[in-house]
Amino acid sequence: MGRPPKKDQFSICTQDCGARCCRYITVEIPGPRSRDDWDEMRWWLAHEGSMVSKDEDGWCLHVQTPCSHLRPDNACAIYPHHMRTCNDYDASNCEFTGPLDHEFELRSELDLAGYIERRGLKRAAPIAQAIRRAARRKPQGQTAGLVALRGLSAPG
Ligand code: SF4
Ligand code: SF4
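In our numbering, the protein residues as written are 202 to 357.
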């Protein structure tokens with residue numbers, strides 16, 4: 202029996218992957234230093250579809266939002282007139298072919314509180330405390346429901 206023909210990149214991106222990298226934006230951000238920086242990060246993470254990650258190159262903010270040029274069949278409607286950012290993206294080392302080398306990912310305010318507490322970050326401690334206080338005031342089950350929706354376990 203012969204080998205099955207190697208799949209072309211277009212089929213991998215549109216069929217197997219479902220165009221994951223066309224469904225969010227990523228912005229490099231400076232590492233948080235001041236209390237205001239941590240508070241701003243809390244604000245980002247209070248919004249559904251946001252995530253903060255860190256890897257060896259630094260910190261990034263990710264926001265889930267599909268590109269307006271993405272076609273229903275997961276192809277790019279403006280190819281080859283798309284952006285350089287898209288053109289330069291390395292399909293041999295992406296979130297589908299990965300692995301992504303994030304040191305960690307924060308997907309909610311509670312993730313952020315857990316991170317601050319585990320690291321013992323004194324300047325950011327009031328932000329973690331405010332997150333915990335706010336979570337206690339929420340109706341029972343609301344926070345747990347959001348965490349479950351994202352397929353995460355609640356950080357301790
Ligand atoms: S480059 Fe990677 S993440 Fe983007 S569509 Fe192709 S396989 Fe998916
Ligand atoms: S311009 Fe095209 S390749 Fe770039 S993100 Fe949008 S759909 Fe994807």
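C-beta: ideal position from N, C-alpha, C; glycine also. These figures come from a predicted structure and were not determined experimentally.
Alpha carbons only, please: which of the options is nearest the one belonging to residue i?
{"i": "aspartate 312", "options": "Pro273, Arg236 and Met252", "result": "Met252"}
{"i": "valine 286", "options": "Ser212, Gln216, Gln210 and Cys222", "result": "The sequence given here places threonine at residue 286; valine does not occur at that position. Of Ser212, Gln216, Gln210 and Cys222, the residue nearest in Cα terms is Cys222."}
{"i": "glutamate 241", "options": "Arg319, Arg320 and Leu262", "result": "Leu262"}
{"i": "histidine 248", "options": "Gln265, Val228, Ala278 and Asp302", "result": "Gln265"}
{"i": "alanine 335", "options": "Glu318, Ala314, Gln216 and Leu322", "result": "Ala314"}
{"i": "phenylalanine 305", "options": "Asp258, Thr298, His282 and Arg234", "result": "Asp258"}
{"i": "aspartate 238", "options": "Ser293, Phe297 and Trp260", "result": "Trp260"}
{"i": "glutamate 199", "options": "Gln210, Asp256, Ser212 and Cys214", "result": "There is simply no residue 199 to check, as the chain begins at 202 and stops at 357 in what is shown."}
If the criterion is Cβ atoms closer than 9 Å, does the pair residue i and residue j meet it?
{"i": "arginine 324", "j": "arginine 236", "result": "yes"}
{"i": "isoleucine 328", "j": "arginine 272", "result": "no"}
{"i": "serine 254", "j": "leucine 307", "result": "yes"}
{"i": "glutamine 216", "j": "alanine 292", "result": "no"}
{"i": "phenylalanine 297", "j": "isoleucine 213", "result": "yes"}
{"i": "alanine 331", "j": "glutamate 318", "result": "no"}
Quick check: is any heavy atom of ligand 3 less than 8 Å from the C-beta of residue i?
{"i": "alanine 220", "result": "In terms of ligand content, the structure shown lacks ligand 3 and carries ligand 1 and ligand 2 instead."}
Who does residue i pair with in a DSSP beta bridge?
{"i": "glycine 259", "result": "Asp256"}
{"i": "tyrosine 225", "result": "Gln265"}
{"i": "glutamate 304", "result": "Answer is none; glutamate 304 lacks a bridge partner."}
What does a CB cutoff of less than 6 Å around residue i pick up in its chain, not counting 5 residues either side in sequence?
{"i": "glycine 219", "result": "Asn275"}
{"i": "proline 356", "result": "For proline 356, the predicted structure reports a pLDDT of 41, less than 50, and the residue's modelled location is therefore unreliable. A value from the coordinates is still provided. Within the same chain, proline 356 has close Cβ partners Leu311, Asp312 and Gly315."}
In chain order, what residues of the same chain have a beta carbon less than 7 Å from the beta carbon of residue i, not counting five sequence neighbours either side?
{"i": "proline 340", "result": "none"}
{"i": "arginine 338", "result": "none"}
Please go through the same chain and pick out, in chain order, the residues whose beta-carbon is closer than 8 Å to the beta-carbon of residue i, but skip the five residues on each side of it.
{"i": "asparagine 294", "result": "none"}
{"i": "lysine 207", "result": "none"}
Go through the residues and name those whose CB comes closer than 5 Å to any heavy atom of ligand 2, in chain order. Proximity annotation: ligand 2 has residues Cys223, Cys268, His270, Leu271, Cys277, His283 and Cys287 in chain order, each selected because its CB is closer than 5 Å to a heavy atom of the ligand.
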